[in-house]
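Chemist: Chains as they are written, first to last, in my numbering: chain H, 3 to 252; chain W, 3 to 252; chain C, 3 to 252; chain R, 3 to 252. We put the CB at the ideal spot given by N, CA and C, even for glycine. Note that the structure is a prediction, hence the values are computed from the model and not measured.
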C-alpha cells in the first residue's frame, strides 16, 4: 500500500520563475526535473536538485522537445534518432547534477508532447526506451498505462512506473488530454478522484465514460493555481485511505 | 617520450558542417567534443563519439559559452556559479553519449573564450575545476601552462594535461592569441615549431620573443585550411623525433 | 516572355557557411533571404542584402519555423496566431535591412516545412497571407500553384508569384517532395526540365505521371552539389528558348 | 512642463510571464517593448503592441543582447558591426508589429548591458546610432545624459530623449548601477526623488554625493515588487508639481 507522488520541477528559466519549487518540493516524493530544452537551465537544474536533496525527494530527468518558447507542448516532427540523442543529452546533463550532489538519478519521464508522442508512436517509444537503457538500465521510466511506450518498455526490459494524473483529463481510451495551460481545480475533488483511481482502478473520462486506469505514482502539477492546496489534499486523501507515500526504490 | 595529439571535434550543427571529422579523427589521439552550447548538437555528439570509438581516440568534453552564433568566441560576463553549472551540464551531456558507447570520458577542455577566461580569472578557473572534480575526479583537465587555471587545478588536485598549440600564436607572456577565424599555415613550418616546443620547451612569440613553454599534448585544429596536411606533418615530425603518439592513460 | 529565377540565400549562421552566395547571386534575379529562425543571423542578413544590391537582385524575406537545428524542415505544431507572429517578426527584421540599404522589400516566400504547411493547411495559409498583407499589401507571395495557400492568397487579394522547382521532385498531385538534404542533379537535365515546365506547363512527377504545372518564377537551390553549373544551364536554357530573365516588377 | 513616463514592456516569453503589462500600461506614456533577444517573443510583441495601442501609449523598440537566459544583463563582447546588425534586426521586427497595428514606431531604447555599453563605449554607441538612423531618422533614441552615446547621437543628428531613473541608483559620475534583479522601493520616496530630479536637476548618488541630472522622460520598472504603487505615486507626484504627462511628439 505504497504510492509515489511525482511533480514536474525546475521549470524556471533565467529571470523567469515558474511554480514555487521551494514550497512544492515538501509535498512530493519524486521530482521530474526539466533539462533545459523545453524549460530549465543549468543554474535552475543545480538549484532544483539541491532542493530535492534537502527534502529527501528522488530526482528524475524530465526531457522535452527543443522548444523553450512552446514549453515542449508544440509537437515537432523529429526523427527517431534525433529523439534518442535529445533524450541522452538531457538525461546526461541532469544526471551530472544529481551525481555532483551525491545522489543517484532515479527515473526519466518524458515531458509534454514528447510524452504524448511516446504514448502513440512506436519509433518515439523505442528511441526513449533505448536512451534510458543505454544510460542506465536501472532507471525507471515514468509513463502511462495503455500506451505504445508501455508495451515497448516492457518488451525491452526497461523498468516502468505507471502514473495517474491528478489534475489532467483522460479521453475514453485512457489517453491524456494535454493542454497548453493547466487549469485550476478543486482540491477536494482532485483528492477524491485520485483516491478513486488508486483504490478502484477507475476514473471518469472527459466524455463521461468510466475507464480502467492503473498506476503506482500520482502526478500533480505545481504550476496550476492552488497547486499547494491540491497536493496537500491529495496527500491527505491517500494517507487517509491507508497509503504510505514513497518513491519506488531501486 | 610519449605525446598526445588533441583536436576539437564535433563542431557541426544541424545542417551545418564544420571540419571533416571523419577524416581528421584518423590522425589524433584525443578528441575534444563540442557539447551543444557554442557548437555541436545531440546528434552530432553521438556521431562524433562513434567516430572516436571507431578510431580508438579518447573522448573529452569541450564545453563552451552559451553562444552558438559567436561560436563561444565572444566573451560573456557569466557569474562563477553560472560557469560551474554550464560546465556540469555540458560535460554531463557528453559523458552520457560516451558511456552509452561503452567508453569512459577521458578529459575536459574548455573552449574558446571560456578557455581564455579560465587562463586569466581565478573565479572562472575555480568554477571549472570544481565542476570537473564534482563530475569525476579522475578526469583530466586540458589547459595551458602559465595561467591561473593551472595553479588552481594543481592546488585542488585536479589532474592536468598541459597542451601546446601547433597552429595558434603566443604572446610574450605565454598567453594564447585567440582569433575568431583560424588562419592557414605551412605544414612543414608548423611541424618544426611543434617539435621545437616539445623537445626544447621553447617557442617564438608573436612579438619575436623566445618564451618557455611546456606540455604533453599538442592541439591541432581541424577547421583550418589544409588541416589534414598540417596534422600529418606534425605526426611525422614528432615520430621522426622519437616520440610515440598516445593519449594520457587514466 | 519574362521569367524570374529565385534562390534561397543568406543561409549561413555565425561561423557556419552554407552555400556560396557571393557566387550564386550573379545568376539569379530574386533572392529569398533567411531571417534568423531556421537559418541566417543578423550579420548574415546585412551581408546578403548587400550582395543582392551589388548584383541588382530583388530581395524577399524567407521566414521559417523557429528551429535552427532542423533548418526549418521539421514540422512544428504552431497555432495560426503563432505563425502570423513569427512571419511578421522575421519579415519585419529583414525589411529593416533592405530599407537600410536603400532598397524596397520585394516578396515573401515561406521556407521548408512552413511552405509545405501553407500548401496544405487553411489556417497556416491564412496566417501567412494576413502577415504579408499587414506588413505591406504590395509584397509578392512566392508559392506553388495547386495548394491551399494559392487559393487563400487570391481570395484575400495578396499578390502571388507561382513558382516552379528546378531541382525538386513533384508528387502526382503537384505537391513538392521536401527532403532534408537536397540531392545532386545533372545540369542539362534540370535545364531541359525547366524549359519544358515553363513552355509546355507540364512536368513528370516522381511516380512517372505527367502533371500540369504553372509558374512565372523558377526556384533553384544554391546548396546542392553543382549548384552553379545547374543555375547556369537553367539560365542558358531559358534564354535559348526566348525568355528574358527578370524579377516581377512592383 | 511636460514629462514622459517610460517603462520596459513585453518581457514575458512563451509560457513565462514577467510583469503585469495589462495593468502597468495604464500608467505610462511610452513603452519600450522587448524584441525577442533578451526577452519577449513574436506573440508577446504583438500582444504588447496591441495593449499599448489600447491605452494610447507610444511604442519604442527595446533591443538587447542575444541572451535570453541572462535577460540581456550579462555583458557580451560583440563587434560593433554585430551590434549594428542585432539592433537593426530587433527594431525592424518590432516596427513591423507596430505598423501592422496602424501605428508608427516612436523610439529605440537599448536594454540592460547594451544600454550600459552604449553609455561607455564609442563603438557601441556609434553602432546603435547608425542603426537608428538607417531605420528611420525620425526615431527618438532614449538614453542617459553624461554618457558617450549622448555625445555620439548629438553629433550624428539622432534625436535624443534623455531619461531619469525612478528606481535605480546612480554612481557619482551619473552612471547607472545596473543590477540583475531590481529591488523593492518605497513609492513615496521614489516619487519625491523623481520630482526632485525633474524640478531641480539633482539627485543623490549611491555614495551620498549630489549629482546633476537631466531628462525629459522618467523610466519606471514594471517588474519590481510594488511597481503599480510606485508608478502611481510618481504620476501623482509629477502632476502635483505641475507637470503634464505625455510622450515626446514626432
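What is the rounded straight-line gap between the Cα of residue 147 of chain W and the Cα of residue 42 of chain W?
Modeler: Roughly 27 Å separates the two Cα atoms.
Chemist: What is the rounded straight-line gap between the Cα of residue 204 of chain H and the Cα of residue 198 of chain H?
Modeler: Answer to the nearest angstrom: the Cα atoms are 7 Å apart.
Chemist: With a cut-off of 8 Å on the beta carbons, I'd call residue 110 of chain H and residue 62 of chain H a contact; round off their distance for me.
Modeler: Yes, residue 110 of chain H and residue 62 of chain H are in contact; Cβ-Cβ is about 6 Å, under 8 Å.
Chemist: To the nearest angstrom, report how far apart residue 65 of chain H and residue 242 of chain R are at their CA atoms.
Modeler: So the alpha carbons of these two residues sit roughly 55 Å apart.
Chemist: Report the residue from C:193, C:128 and C:18 whose alpha carbon sits nearest the alpha carbon of residue 89 of chain C.
Modeler: Of the listed residues, the one whose Cα sits closest to residue 89 of chain C is C:128.
Chemist: Compare the C-beta of residue 65 of chain H against all C-beta atoms of chain C and say whether one is closer than 9 Å.
Modeler: By this cut-off, residue 65 of chain H is not an interface position.
Chemist: Pull out every residue of the region 55–83 of chain R whose Cβ sits closer than 8 Å to any Cβ of chain W, in chain order.
Modeler: Cβ contacts with chain W: 68, 69, 71, 72, 76, 77, 78, 79 and 80.
Chemist: I need the boundaries of the beta strand (DSSP E) containing residue 219 of chain R, first residue and last residue.
Modeler: Its beta strand (DSSP E) spans residues 219–221.
Chemist: Kindly indicate if chain H contains any beta-carbon less than 9 Å away from that of residue 19 of chain R.
Modeler: Yes - at least one Cβ of chain H is within 9 Å of the one on residue 19 of chain R.
Chemist: Give the range of the alpha helix (DSSP H) segment to which residue 230 of chain W is assigned.
Modeler: Residue 230 of chain W -> alpha helix (DSSP H) spans 229–242.
Chemist: Within the 9 Å Cβ cut-off, does residue 188 of chain R reach chain H?
Modeler: It does not: the Cβ of residue 188 of chain R has no partner Cβ on chain H nearer than 9 Å.
Chemist: Counting only Cβ pairs nearer than 7 Å, list the residues of chain W close to residue 169 of chain C.
Modeler: Under the 7 Å cutoff, chain W gives no residues; its nearest Cβ is about 17 Å from residue 169 of chain C.
Chemist: Excluding sequence positions up to five away, which residues of its chain have a Cβ less than 6 Å from the Cβ of residue 113 of chain W?
Modeler: Around residue 113 of chain W: 40, 64, 66 and 74.
Chemist: Kindly give me the distance between the Cβ atoms of residue 53 of chain W and residue 24 of chain W, rounded to whole angstroms, as I take these residues to be in contact under 8 Å.
Modeler: Indeed they touch by this definition, with Cβ atoms about 6 Å apart.
Chemist: Using 8 Å as the Cβ pair cut-off and three pairs as the minimum, do the region 90–97 of chain R and the region 93–111 of chain C touch?
Modeler: The region 90–97 of chain R vs the region 93–111 of chain C: in contact.
Chemist: Do the region 15–35 of chain W and the region 17–37 of chain C meet, that is, are 3 or more Cβ pairs less than 8 Å apart?
Modeler: The answer is yes - the region 17–37 of chain C touches the region 15–35 of chain W, with three or more Cβ pairs under 8 Å.
Chemist: Going by DSSP in three states, residue 71 of chain C sits in which element: helix, strand or coil?
Modeler: Reduced to three states, the DSSP call for residue 71 of chain C is coil.
Chemist: Apart from the five residues just before and just after residue 249 of chain W, which ones in its own chain have a Cβ nearer than 7 Å to its Cβ?
Modeler: Excluding sequence neighbours, residue 249 of chain W sits near 6, 31, 32, 60 and 108.
Chemist: Which residue's Cα is closest to the Cα of residue 103 of chain C: C:233, C:236, C:51 and C:224?
Modeler: Of the candidates C:233, C:236, C:51 and C:224, the one whose C-alpha sits nearest the C-alpha of residue 103 of chain C is C:51.
Chemist: Distance cutoff 9 Å, beta carbons only. Does residue 96 of chain H sit that close to anything in chain W?
Modeler: Closer than 9 Å: yes.
Chemist: Note down the Cα distance separating residue 138 of chain W from residue 240 of chain H, rounded to an integer number of angstroms.
Modeler: For residue 138 of chain W and residue 240 of chain H, the distance between alpha carbons rounds to 41 Å.
Chemist: Between the alpha carbons of residue 36 of chain W and residue 48 of chain H, how many angstroms are there, rounded?
Modeler: Their Cα atoms are separated by approximately 21 Å.
Chemist: Just by C-beta distance, which residues in the region 10–39 of chain H are closer than 9 Å to chain R?
Modeler: Taking 9 Å as the Cβ-Cβ cut-off against chain R, the residues of the region 10–39 of chain H that qualify are 13, 14, 15, 16, 17, 18, 19 and 20.
Chemist: Can you give the Cα-Cα distance for residue 212 of chain W and residue 215 of chain R, rounded to whole angstroms?
Modeler: For residue 212 of chain W and residue 215 of chain R, the distance between alpha carbons rounds to 53 Å.
Chemist: Taking only beta carbons into account, state which residues of the region 101–120 of chain H come closer than 8 Å to chain W, listed in chain order.
Modeler: So the list reads 101 and 102, given in the order they occur along the chain.
Chemist: So which of C:85, C:247 and C:251 has the shortest CA-CA distance to residue 4 of chain C?
Modeler: Checked all of C:85, C:247 and C:251; the closest Cα to residue 4 of chain C is C:247.
Chemist: Return no unless some Cβ of chain R is closer than 9 Å to the Cβ of residue 209 of chain H.
Modeler: No, its Cβ sits nowhere closer than 9 Å to a Cβ of chain R.
Chemist: Let me know if residue 251 of chain H comes out buried or exposed under the rule of 16 or more other beta-carbons within 10 Å of its beta-carbon.
Modeler: Classification for residue 251 of chain H: exposed.
Chemist: Taking DSSP as the reference, what is the three-state secondary structure of residue 14 of chain R?
Modeler: Reduced to three states, the DSSP call for residue 14 of chain R is coil.
Chemist: With a cut-off of 9 Å, does the C-beta of residue 43 of chain R fall near any C-beta of chain H?
Modeler: True, the Cβ-Cβ gap to chain H drops below 9 Å.
Chemist: Comparing C-alpha positions only, which one of W:228, W:154, W:26 and W:222 sits nearest to residue 168 of chain W?
Modeler: Minimum Cα distance to residue 168 of chain W is reached at W:222.
Chemist: Here's the rule I'm using: 16 or more other beta-carbon atoms within 10 Å means buried, otherwise exposed. How should residue 190 of chain H be labelled?
Modeler: Result: exposed.
Chemist: Comparing alpha-carbon positions, which option in R:122, R:217 and R:236 lies nearest residue 194 of chain R?
Modeler: Comparing Cα positions, the closest option is R:236.
Chemist: Of all the options R:101, R:117, R:201 and R:176, which has the alpha carbon lying nearest to the alpha carbon of residue 151 of chain R?
Modeler: For the residues R:101, R:117, R:201 and R:176, the minimum Cα distance to residue 151 of chain R belongs to R:117.
Chemist: Against chain C, with Cβ distances strictly below 9 Å, would residue 245 of chain R count as a contact?
Modeler: It does not: the Cβ of residue 245 of chain R has no partner Cβ on chain C nearer than 9 Å.
Chemist: Under a CB-based cut-off of 9 Å, is residue 142 of chain H close to chain W?
Modeler: Chain W contact via Cβ: absent.
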